[in-house]
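Chemist: Residues 918 to 1073 in this note's numbering are what the sequence shown spells out, letter by letter.
This structure is in structure tokens; I'll ask about it shortly.
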Amino acid sequence: MYEKQFMEEAVALSRKCLGTGKGGPFGAVVVKDGRIVGRGSNSVTLLNDPTAHAEVMAIRDACKNLDSFQLDGCEIYTSCEPCPMCLGAIYWARPERVYYAADRQDAARAGFDDSFIYEEMDVPTMERKIRSEQHDQGFAQEVFQQWIHLENKIDY
918 MYEKQFMEEA
928 VALSRKCLGT
938 GKGGPFGAVV
948 VKDGRIVGRG
958 SNSVTLLNDP
968 TAHAEVMAIR
978 DACKNLDSFQ
988 LDGCEIYTSC
998 EPCPMCLGAI
1008 YWARPERVYY
1018 AADRQDAARA
1028 GFDDSFIYEE
1038 MDVPTMERKI
1048 RSEQHDQGFA
1058 QEVFQQWIHL
1068 ENKIDY
């Protein structure tokens, strides 16, 4: 259920990040059972880490605090519509719902345009701006076969 105070906290984190000059204007919180269990703000330039987006940082914090690699029963409140990378992280974390304030067009107008990533996903692998090539598939397949037969694995 949407709770305005959690969105206000996510936006406050984005505003705080903006004030420090150490990251982009993005903030996110993870909520479980009506309380914040994870917080994150954009830390890309602070950490020199292009994956340190607010949603990813909030997911990392929540998973650490919950001692779990999944966010069952959680909601994510974020100051902006998640980018493709963050959306992928969100799907892997498996929260129940995501609420966002600004959308991707708002972000693009502020200089954070992810449209090229969305477009690249539809381009054949060998035609993308950053080319990818497959090599030595058999070596990796061996590891996957071992995983398939591993008795003490933790599925996710």
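Glycine included, every Cβ here is placed at the ideal spot set by N, Cα and C.
The model shown is predicted, which means the values in this text are computed figures rather than measured ones.
1. Could you name the residues that DSSP lists as bridge partners for E925?
2. Verify whether the separation of the beta carbon atoms of R1011 and L988 is less than 8 Å.
3. Since I1034 and P1001 are thought to touch, with beta carbons under 8 Å apart, how far apart are those beta carbons, to the nearest angstrom?
4. For the alpha helix (DSSP H) containing T995, list its first residue and its last residue.
5. Since C997 and A1024 should fall inside the 8 Å C-beta cutoff, what is the C-beta to C-beta distance between them, to a whole number of angstroms?
6. Given a cut-off of 8 Å on the beta-carbon distance, is the pair Y994 and V1040 in contact?
7. Around the C-beta of I1047, are 16 or more other C-beta atoms found within 10 angstroms, so that it is buried, or is it exposed?
8. Taking V928 as the reference, which of D950, L963, E972 and T962 has the closest Cα?
Modeler: Quick look at the numbers:
1. None, per the DSSP bridge assignment.
2. yes
3. 5 Å
4. Note, T995: premise wrong, no alpha helix (DSSP H); beta strand (DSSP E) at C991 to C997.
5. Right, their Cβ atoms sit about 5 Å apart.
6. no
7. By the Cβ neighbour-count rule, I1047 is exposed, with fewer than 16 other Cβ atoms within 10 Å of its own.
8. E972
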